[in-house]
Amino acid sequence: MTYRVHVRVMPRGGLLDPQGQAVEHALAALGFPGANEVRVGKAIELTVAAGSRDEAEARARQMCDRLLANPVTEDYLVQVEDA
Amino acid sequence: MLKVAVVRFPGSNCDEDALRAAELVGCDAFYVWHRDTSLKGAEVALLPGGFSYGDYLRSGAIARFSPVMQAVAEHAQEGGAVVGVCNGFQILCEAHLLPGALVRNEGLSFVSKPVDLVVERTDTVITSAFTKGDIVRVPVAHGDGRFVADPETLAMLEGEGRVVVRYAAAGAGVEANPNGSMNAIAGIGNAAGNIVGLMPHPERMVDARLGSAAGLPFFRSLAALGAGSRT
Chain A
4 MTYRVHVRVM PRGGLLDPQG QAVEHALAAL GFPGANEVRV GKAIELTVAA
54 GSRDEAEARA RQMCDRLLAN PVTEDYLVQV EDA
Chain B
2 MLKVAVVRFP GSNCDEDALR AAELVGCDAF YVWHRDTSLK GAEVALLPGG
52 FSYGDYLRSG AIARFSPVMQ AVAEHAQEGG AVVGVCNGFQ ILCEAHLLPG
102 ALVRNEGLSF VSKPVDLVVE RTDTVITSAF TKGDIVRVPV AHGDGRFVAD
152 PETLAMLEGE GRVVVRYAAA GAGVEANPNG SMNAIAGIGN AAGNIVGLMP
202 HPERMVDARL GSAAGLPFFR SLAALGAGSR T
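Sequences listed follow chains A and B, in order.
Here the first sequence is numbered in my numbering, starting from 4 and rising by one per residue.
Here the second sequence is numbered in my numbering, starting from 2 and rising by one per residue.
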């Protein structure tokens, strides 16, 4: 089976996110004063060939732990769906 | 003659400066390529600055999995000298050879300017030629140079005295902490002092004719390893 995997990598809460701050200031300058707590992360999409959905998710988590996210500074969220 | 391998990744751009700095202090310096699987007998692995693999994903994240990094890690574990400058420091952190991480500068700007460093630790492979408390002016040039670590790691680094160089207070012509690093950390080492990473570029300041030779003692420290004082 092939599964589509969505990985969301975000800077860890509490860690200064200067990109998020810059975007927040830009939104305020554009006239969106209510936009707060902006944080900028990244989204990674891939397909994984695996025997089951659980296996696909486990593999994706290993990918995150080893490469896609930095465990020191980032948190990740993995979502798996049928391709 | 001390053998120094300058590890070239696709996107390294301080490799020639690093090689020449090592040669200047009398080392036998040569390049190894990221696809090489050995350090070719080198006693020092020098990971230069640059933008390995275009800094894709995170600075140093892809370089970490280069074939040559296995050799670098083994060399480090055997107590061999491993030094990472700028992108080299980022790679060492990504490879977990040093703790913490280097993330986007606080002000978002790429910072390219001279800084003053306080040498806080002299029992490492690149700072033995200094006296504790020495102030050294060398340039930084990075976009992702803000050192961060979780509170426990930070306390460990400070408690064990593993901060090697720290950004000094603002002085004549220089600013303090140019990137927002925690505790103004510019470079750290492992406990034994054989693995060191730093964001500033001593290799760019090794010849008075090109502005300053303030960075030379870092390389003299390396060269001294050849005299039998190998850490």
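Glycine residues also receive a C-beta, built at the ideal position from the N, C-alpha and C atoms.
From a predicted model like this one, the values you see are computed outputs, not experimental measurements.
Contact list for the region 6–31 of chain A against chain B, Cβ threshold 7 Å: LEU18, LEU19, PRO21, GLN22, ALA25
9 Å Cβ cut-off: residues of chain A touching ALA187 of chain B: Those within 9 Å of ALA187 of chain B in chain A number zero; the least Cβ separation is about 18 Å.
If you run the structure through DSSP and keep just helix, strand and coil, what is ASP85 of chain A? strand
Chain A contact for GLY181 of chain B (CB, 8 Å cutoff): yes
SER110 of chain B to GLY54 of chain A span [Cα, whole Å]: 46 Å
Would VAL73 of chain B count as contacting chain A if we go by Cβ distances under 8 Å? no
List the whole-angstrom C-beta distance separating VAL139 of chain B from VAL165 of chain B, where the pair is believed to meet the contact cut-off of C-beta under 8 Å. About 13 Å separates the two Cβ atoms, so there is no contact after all.
Per-residue burial, ASN39 of chain A [other beta carbons within 10 Å of its own, 16 or more giving buried]: Exposed: under 16 other Cβ atoms inside 10 Å.
From the DSSP output, which residues share a beta bridge with ALA74 of chain B? Its beta-bridge partners do not exist; DSSP assigns none.
Please work out which residues of its chain come closer than 7 Å, Cβ to Cβ, to ASP208 of chain B, disregarding the five sequence neighbours upstream and downstream, and give them in chain order. ALA214
Give the residues of chain A in contact with ARG59 of chain B, contact being defined as C-beta atoms less than 8 Å apart. ASN73
Give the secondary structure of ALA228 of chain B by DSSP, where H, G and I count as helix, E and B as strand, and everything else as coil. helix
Taking 8 Å as the threshold, find out whether the region 46–56 of chain B comes into contact with the region 55–66 of chain A through three or more Cβ pairs. Contact between the region 46–56 of chain B and the region 55–66 of chain A is absent, because fewer than three Cβ pairs lie under 8 Å.
Determine whether the beta carbon atoms of HIS35 of chain B and VAL69 of chain B lie at a separation below 8 Å. Yes.
Under the three-state DSSP convention, the category ARG163 of chain B falls into: coil
What residue range does the beta strand (DSSP E) around ALA53 of chain A cover? Segment: none, ALA53 of chain A is in no beta strand (DSSP E) and carries neither H nor E.
Using DSSP bridges, identify the partner residues of GLY198 of chain B. B:GLY85, B:ILE189
With a CB to CB cut of under 8 Å and the five nearest residues on each side skipped, what residues in its chain are close to CYS67 of chain A? Here the set comprises VAL10, VAL12, TYR79, VAL81.
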